[in-house]
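In our numbering, the protein residues as written are 30 to 354.
The beta-carbon is built from N, C-alpha and C at its ideal position, and this holds for glycine as well.
Structure record follows, encoded as structure tokens.
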Amino acid sequence: MALSFLEVFMRKIGIIAAFLCLAAAAVFLLWPQEQASPEQKERTVTDSTGRTVTLPSHPQRVVILNPSNLDLYVAAGGADNIVGKPTSQVLSETVKEKTAAAEEVGIIHQPDIEKILALQPDLVIGTNVPFHTGLVETLGNAGVPLYIQALDDVPSLLSTLDFYGKLTGHEEDARAQAAVIQEKLDVVKTRAEGRTPPKNLLVFGSPDSFNMGTSKCFTGGLIDMLGGGNIADRAEGDGGYLPLSMEFVARENPAVIFIVVHGPAETLEPKMRRDLQESEAWADVDAVKNGRVYVLPYELFAVNPGVRAADALQTIADIMYPTPQ
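Laid out in structure tokens, this is it:
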């Protein structure tokens with residue numbers, strides 16, 4: 030049967046419409062699509078001094094001024110982007126190996142600003158000491174951000190590892206490392222369960238002075254994790270370190286003394302032991318009389334131990350509780 034004019038017309042309209050749809054689809058596929066917003070090139074953060082710092086989202090040339098931050102940045106997968114590192118005797122073999130190509134830029138208390146700038150870094154990381162915070166203006170004038178990260182306790186250590194994972198692009202690996210560290214710490218802490226901590230004193234020695242460490246310093250915090258007993262927490266004053274008062278020590282009479290040397294161990298350690306043995310004031314302290322004075326390993330306690338925090342905690346646990354329960 031012959032089609033009516035209207036039917037023929039409608040069929041033609043349908044064919045044309047289908048063609049236009051196909052053409053539109055082809056144009057859609059070939060036309061450059063709007064991409065998702067590219068990853069931000071910078072991030073703005075607040076450092077340990079309270080400063081707002083804008084730094085690259087993923088820095089490519091990093092200079093790190095202290096061993097602890099270097100240790101954590103390497104653990105977070107950033108070794109290949111480290112161009113400058115501190116001169117230090119406490120670096121682990123792993124860190125030494127992975128940062129072998131990085132140039133030394135001076136000891137923690139004397140960073141060489143000329144060497145730092147010559148490396149053309151896009152980020153410098155330091156800790157909260159005047160020798161580092163004092164570089165803010167010079168580095169800022171050169172267009173280089175300085176990020177200050179203090180590591181005062183275990184929570185700050187773990188959160189810093191996580192943050193460095195974001196900077197290096199290895200966030201999941203960094204979180205996994207942090208979880209392993211926390212798990213190891215939790216295992217060591219069981220050593221103290223149900224036990225009374227011995228009354229103890231934490232002494233920090235340098236060529237110039239001796240101080241008592243409270244639970245507000247990193248090592249003091251480790252002692253606190255194992256039950257405490259640190260007599261310095263009962264002394265007058267505030268902060269992580271207090272001047273050593275022999276009168277206070279004699280009155281408190283600690284059963285255990287921990288010593289951390291800040292300086293050449295080969296000269297400071299014998300001096301401290303000699304002072305203890307020859308001093309009438311120290312002679313009556315139980316820790317000295319009973320031979321319970323311990324110089325803690327330099328590589329774990331002279332600076333924050335970083336990823337070796339559980340090793341440091343184990344060292345203290347073995348001293349506080351020499352026999353398992």
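Asked: Cβ pair Val119, Glu265 closer than 8 angstroms; Found: no
Asked: Residues bridged to Arg72 [DSSP beta-bridge criterion]; Found: Leu84
Asked: Simplified DSSP state of Ala339, which is helix, strand or coil; Found: helix
Asked: First and last residue of the uninterrupted alpha helix (DSSP H) at Pro2; Found: Since the displayed the chain opens at 30 and closes at 354, residue 2 lies outside it and no answer follows.
Asked: Contact set for Asn240: own chain, Cβ-Cβ below 7 angstroms, skip 5 residues either direction; Found: Phe233, Tyr270, Leu271, Pro272, Leu273
Asked: Range of the contiguous beta strand (DSSP E) that encloses Tyr102; Found: Not the beta strand (DSSP E): Tyr102 falls in the alpha helix (DSSP H), residues 96 to 104.
Asked: As assigned by DSSP and simplified to three states, the class of Asn240; Found: strand
Asked: Nearest-angstrom Cα separation, counted from Val314 out to Thr352; Found: 23 angstroms
Asked: Backbone CA spacing between Asp76 and Tyr176 [nearest angstrom]; Found: 6 angstroms
Asked: Test item: CB-CB of Gln206 and Ala341 under 8 angstroms; Found: no
Asked: Counted within 10 angstroms of its Cβ, other Cβ atoms place Met349 as buried (16 or more) or exposed; Found: buried
Asked: Own chain, CB closer than 7 angstroms to Ser86, minus 5 neighbours either side, in chain order; Found: Glu68, Gln69, Lys70, Glu71, Arg72
Asked: Closest residue to Phe277 among Ala339, Gly79, Thr225, Asn229 (Cα-Cα distance); Found: Asn229
Asked: Chain-order list of residues whose beta-carbon lies under 6 angstroms from that of Gly335 (same chain, five-residue window excluded); Found: Ser97, Asp100, Leu101
Asked: Proximity winner among Arg220, Pro326, Ala284, Arg204, relative to Gly256 (alpha-carbon distances); Found: Arg220
Asked: Top-ranked residue by Cα proximity to Leu146, from Ala338, Thr225, Val112; Found: Val112
Asked: Pick from Ala261, Asn110, Asp267, Pro299 that is closest to Glu281, judged by C-alpha positions; Found: Ala261
Asked: Touch test, the region 185 to 198 against the region 129 to 141, Cβ-Cβ under 8 angstroms, three pairs minimum; Found: no
Asked: Spatial distance of Asp304 from Ile286 (CA atoms); Found: 14 angstroms
Asked: CB of Val290 within 8 angstroms of CB of Glu298, strictly; Found: yes
Asked: Other residues of its chain near Thr167: CB distance less than 7 angstroms, five sequence neighbours each side excluded; Found: Ile142
Asked: Beta strand (DSSP E) segment containing Asn229, residue limits; Found: 229 to 234
Asked: Own chain partners of Asn157 with C-beta closer than 7 angstroms, once the 5 adjacent residues on each side are dropped; Found: Ser77, Thr78, Ile177, Ala179
Asked: Alpha carbon of Ala338 to alpha carbon of Met275, nearest angstrom; Found: 30 angstroms
Asked: Nearest to Ile137 (by Cα), restricted to the options Leu186, Val322, Leu214, His161; Found: His161
Asked: Residues of its chain near Gly250, where Cβ-Cβ distance is below 8 angstroms and the 5 sequence neighbours each way are ignored; Found: Asp181, Asp182, Val183, Ser244
Asked: Outcome for Ser121 when other beta-carbon atoms lying within 10 angstroms are tallied against a minimum of 16; Found: buried
Asked: Gly5 in three-state terms, based on DSSP; Found: Past the edges of the chain, shown from 30 to 354, lies residue 5, and the structure says nothing about it.
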